[in-house]
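Below: one structure, written as structure tokens.
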């Protein structure tokens, strides 16, 4: 549902859905699912704030970096999991790079797990 809401431009609904998914994953003991959903919720918060308050993106970037760290920790060592590999090497770095671009901040790839 969060991805559908994002595709239709309803970033607030997307943020809510990803936040709820993170909660459900946490309750189920799924650390990877919680980290992915939490990261997505934080990215949707950036998307939601981008238009009405673009100056907030820099402060939100700090939260996204922290969510990225939690995500990479949850994915650590999962070399046999295609979803984990995709998030570690594609999705997370692309979202982080995009947010840095929006914030006008230099991206240091040492923050991601590809480095």
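Residue numbers (this note's numbering): 1356 to 1470.
Each residue gets a CB set at the ideal place from its N, CA and C atoms; glycine is no exception.
Just confirm the distance between the C-beta atoms of residue i and residue j, as a whole number of angstroms; I'd bet it's less than 8 angstroms.
i            : j            : result
residue 1422 : residue 1394 : 4 angstroms
With DSSP run on the structure shown, which of helix, strand or coil describes residue i?
i            : result
residue 1470 : Only weak support is given to the placement of residue 1470: the predicted model assigns it a pLDDT of 47, under 50, and the value that follows is read from those uncertain coordinates. Three-state DSSP puts residue 1470 in coil, outside helix and strand.
residue 1374 : helix
residue 1364 : coil
Between residue i and the rest of its own chain, which residues show a CB-CB distance below 7 angstroms, the 5 nearest in sequence each way excluded?
i            : result
residue 1386 : 1429
To the nearest angstrom, report how far apart residue i and residue j are at their CA atoms.
i            : j            : result
residue 1413 : residue 1458 : 5 angstroms
residue 1380 : residue 1372 : 12 angstroms
residue 1365 : residue 1401 : 12 angstroms
residue 1431 : residue 1440 : 10 angstroms
residue 1388 : residue 1425 : 11 angstroms
Leaving out the 5 sequence neighbours to the left and right, which residues in its chain are closer than 8 angstroms to residue i when beta-carbon positions are compared?
i            : result
residue 1420 : 1451 and 1466
residue 1479 : For residue 1479 there is no data in the structure shown, the boundaries of the chain being 1356 and 1470.
residue 1404 : 1411, 1412 and 1415
Task: Segments of 4+ residues assigned as alpha helix (DSSP H) that fall wholly inside the segment 1379-1464 - done: Here the runs fully enclosed are 1386-1405, 1412-1430, 1437-1441 and 1447-1458.
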